[in-house]
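Heads up: the sequence shown begins at 5 in this note's numbering, then just goes up one per residue.
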Amino acid sequence: MTAVLLAPATPPVGAPARPPRRRRFLPVAVLLVILIAAHAWNLADQPFPNDDEGAYISQAWAVQHGQLAHYTYWYDHPPLGWIQLAVLSWPGQWLLPGLPALVHGRIAMLVVLAITLLLVYTVARRLQGTRWTALLAMAIAGLSPLALSMQHQVYLDNFAVMWLLAAFALALSPRTHLWQHVAAGVATSFAVLSKETIAIAVPAVIVALWQGSHPSTRRFSLAGFLSGMIFTASLYPLYAALKGELFPGEDHVSLLGTLAFQLHDRAGTGSVFVPGTEAHELLMSWLANDPVLLIGGLAAAVAGLAVRPARAPALAVLLLVVVALRPGGYLPKMYIVQLVPFLALSVAGVAAAIVIRAERGFGSALVTTVLIVTGAIALTGWPVTDARMLTESTNDGYTAASRWLREEMPVRPGQRTIVDGVLWVDLVRAGHAPGLGAIWHYKIDLDPAVQSTLPNGWRDVDYVVSTPAVRGEAAQLPTLAGALAHSRVVATFGTGGGRIEVREVTTTTRPEREAS
Numbered sequence: 005m006t007a008v009l010l011a012p013a014t015p016p017v018g019a020p021a022r023p024p025r026r027r028r029f030l031p032v033a034v035l036l037v038i039l040i041a042a043h044a045w046n047l048a049d050q051p052f053p054n055d056d057e058g059a060y061i062s063q064a065w066a067v068q069h070g071q072l073a074h075y076t077y078w079y080d081h082p083p084l085g086w087i088q089l090a091v092l093s094w095p096g097q098w099l100l101p102g103l104p105a106l107v108h109g110r111i112a113m114l115v116v117l118a119i120t121l122l123l124v125y126t127v128a129r130r131l132q133g134t135r136w137t138a139l140l141a142m143a144i145a146g147l148s149p150l151a152l153s154m155q156h157q158v159y160l161d162n163f164a165v166m167w168l169l170a171a172f173a174l175a176l177s178p179r180t181h182l183w184q185h186v187a188a189g190v191a192t193s194f195a196v197l198s199k200e201t202i203a204i205a206v207p208a209v210i211v212a213l214w215q216g217s218h219p220s221t222r223r224f225s226l227a228g229f230l231s232g233m234i235f236t237a238s239l240y241p242l243y244a245a246l247k248g249e250l251f252p253g254e255d256h257v258s259l260l261g262t263l264a265f266q267l268h269d270r271a272g273t274g275s276v277f278v279p280g281t282e283a284h285e286l287l288m289s290w291l292a293n294d295p296v297l298l299i300g301g302l303a304a305a306v307a308g309l310a311v312r313p314a315r316a317p318a319l320a321v322l323l324l325v326v327v328a329l330r331p332g333g334y335l336p337k338m339y340i341v342q343l344v345p346f347l348a349l350s351v352a353g354v355a356a357a358i359v360i361r362a363e364r365g366f367g368s369a370l371v372t373t374v375l376i377v378t379g380a381i382a383l384t385g386w387p388v389t390d391a392r393m394l395t396e397s398t399n400d401g402y403t404a405a406s407r408w409l410r411e412e413m414p415v416r417p418g419q420r421t422i423v424d425g426v427l428w429v430d431l432v433r434a435g436h437a438p439g440l441g442a443i444w445h446y447k448i449d450l451d452p453a454v455q456s457t458l459p460n461g462w463r464d465v466d467y468v469v470s471t472p473a474v475r476g477e478a479a480q481l482p483t484l485a486g487a488l489a490h491s492r493v494v495a496t497f498g499t500g501g502g503r504i505e506v507r508e509v510t511t512t513t514r515p516e517r518e519a520s
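This is the structure in structure tokens:
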């Protein structure tokens, strides 16, 4: 028998060597550090707090203390989002206990942002295959003024987007293992259980799964995906059913009752096409913040439907946009958070397709030059907006008020203080009883459990921490309005419409008109 020795295969002469793994990930790591540093730089001072942030921070505090919510949990959102927030905010609370609760929450969101940006890179890499495309998508998703202003705010949408991108990454895995497609279904459910409105984009995940699965095993992949998604999502209604709160009743909250309220009875924000409506003003604020990504990204999404690597994220964009444009619906401020990563992926995907086709006719050097010049012209507004986010301070009043509440605010047995959601946890940490001592302003007239402890209405209130959110709701909350009218200023922080006043309620003084 003759043995034949085969020489090891060697790459052709002149073929580029594959860079070491460490060097391949160095640009990703450097870009990630830059993006996270940009978001962390001024997160305590920008943007101005939203009371939704306060609600989620307060609910995360409740989870840390063994409850699902700081008041009665009424199924307004699935609780997974603030459960994650409760876990992620613990290290910051332990290492930096002197910071306001708002800052603890925003520090926790940096972890979510880092994972989200890495997932944007991964999804772009698996869709388009080129490293520069993935880095471009990652940079857009992190440096857009919309991203810089909202991705480190404490919104459930940020958790939902993170999980949906994880579902995309699993569905597009080149290994095409069945367990990855089942896990994609589970991740999709986690996204919906973090913020239910992300369910609008679920068909885009199915398109990604279709593209990422092998034709011979596609049926099994779809079955595994749907099984993982449905089984995980069913745990939420099962929880409600076990508590006897699935169906509406006279003496309890219910999942289906709240769902009916949000779909049919909740007041809408009007049409984005009608000037003067809340939805139109919100759209104008988004466009003022970043017209380049919104207009360019939407155009890229429309074109991306014809480009296979960009089709799945483009579909996610268009589905979310169509729902946002419906007349008479409810369009929340943070809805744009769900769009930003998929707008970035659409832009990067279409840019990659243009480069590939243009290089065949004009050469890579000319195409690269044109893209750089075009991008520089298009993004000239970003540095100005981003610089404002990185340097201006709008939250000095909240920071000073938080410190005063923790260090100077009197704490007496039975004391009742009305406060907004952003400062509620700070007041509780200062020693005030949660729920009935530190009272979230929204509950003062809307929660029977709170109302039953105030038989004399506003006269049973000792203090009101007057913030923009509190003043904005006073017209609809008579007890709150009465407490504000019959109070005197004890301490003031900030000026103008964003000022914060600690006001002592007294029945012996003439009613004082609360300035708007």
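For each residue, glycine too, the CB sits at the ideal point set by N, CA and C.
Short Cβ contact (8 Å threshold) for residue i with residue j
i, j, result
"N399", "P53", "yes"
"L150", "D294", "yes"
"A442", "W462", "no"
"P104", "S491", "no"
"P207", "L329", "no"
"L302", "V321", "yes"
"Y173", "R130", "The sequence shown places Ala at residue 173, rather than the Tyr named in the question. Yes, the pair counts as a contact, with Cβ atoms nearer than the cut-off."
"V296", "D161", "no"
"L309", "L324", "no"
"P438", "H74", "yes"
"L267", "V276", "no"
"R110", "Q68", "no"
"Y339", "T273", "no"
"L152", "A42", "yes"
"A244", "Y77", "no"
"A526", "V209", "In the structure as shown, the chain starts at 5 and stops at 520, and residue 526 therefore has no counterpart that could be examined."
"T120", "M166", "yes"
"G401", "F497", "yes"
"S198", "L84", "yes"
"Q419", "D466", "yes"
Buried versus exposed call for residue i [16 or more other C-beta atoms within 10 Å across all chains shown]
i, result
"K247", "exposed"
"E249", "buried"
"N460", "exposed"
"S62", "buried"
"S238", "exposed"
"I504", "buried"
"W444", "buried"
"Q480", "exposed"
"R507", "buried"
"L99", "exposed"
"A33", "exposed"
"S225", "buried"
"D55", "buried"
"E57", "buried"
Inter-residue Cα distance where the pair is residue i and residue j
i, j, result
"V115", "A171", "18 Å"
"T510", "T421", "13 Å"
"G228", "H181", "11 Å"
"G232", "Q88", "20 Å"
"Y125", "L263", "35 Å"
"Y446", "E477", "8 Å"
"L349", "I144", "9 Å"
"G332", "L139", "38 Å"
"G96", "A112", "7 Å"
"V37", "L458", "51 Å"
"L394", "Q50", "8 Å"
"A434", "V326", "46 Å"
"P315", "P345", "The amino acid at residue 315 is misidentified as Pro; the sequence shows Arg. Straight-line Cα distance between these residues: approximately 14 Å."
"V454", "A205", "38 Å"
"R222", "R179", "13 Å"
"I40", "N46", "11 Å"
Whole-Å CB distance - residue i paired with residue j, under 8 Å assumed
i, j, result
"M142", "L298", "At roughly 19 Å, the Cβ-Cβ gap does not stay under 8 Å, so M142 and L298 are not in contact."
"T403", "A118", "Wrong, their Cβ atoms sit about 25 Å apart, outside the cutoff."
"L106", "V426", "5 Å"
"V311", "A357", "5 Å"
"A195", "L176", "Contact flag wrong, Cβ pair sits at about 16 Å."
"V429", "W94", "That belief does not hold up - the Cβ atoms of V429 and W94 are roughly 13 Å apart, past 8 Å."
"T137", "A355", "7 Å"
"V469", "H436", "Wrong, their Cβ atoms sit about 11 Å apart, outside the cutoff."
Beta-bridge partners of residue i, as assigned by DSSP
i, result
"E508", "Y467, R492"
"F497", "I504"
"P438", "A442"
"I202", "In the DSSP output, where bridge partners are listed per residue, I202 has none listed."
"H185", "DSSP lists no partner for H185."
"I422", "I443, V468"
"H256", "G253"
The ligand ADP heavy atom lying under 7 Å from the CB of residue i
i, result
"F224", "In the structure shown, the ligand ADP is absent, as is every other ligand, since no ligand is present at all."
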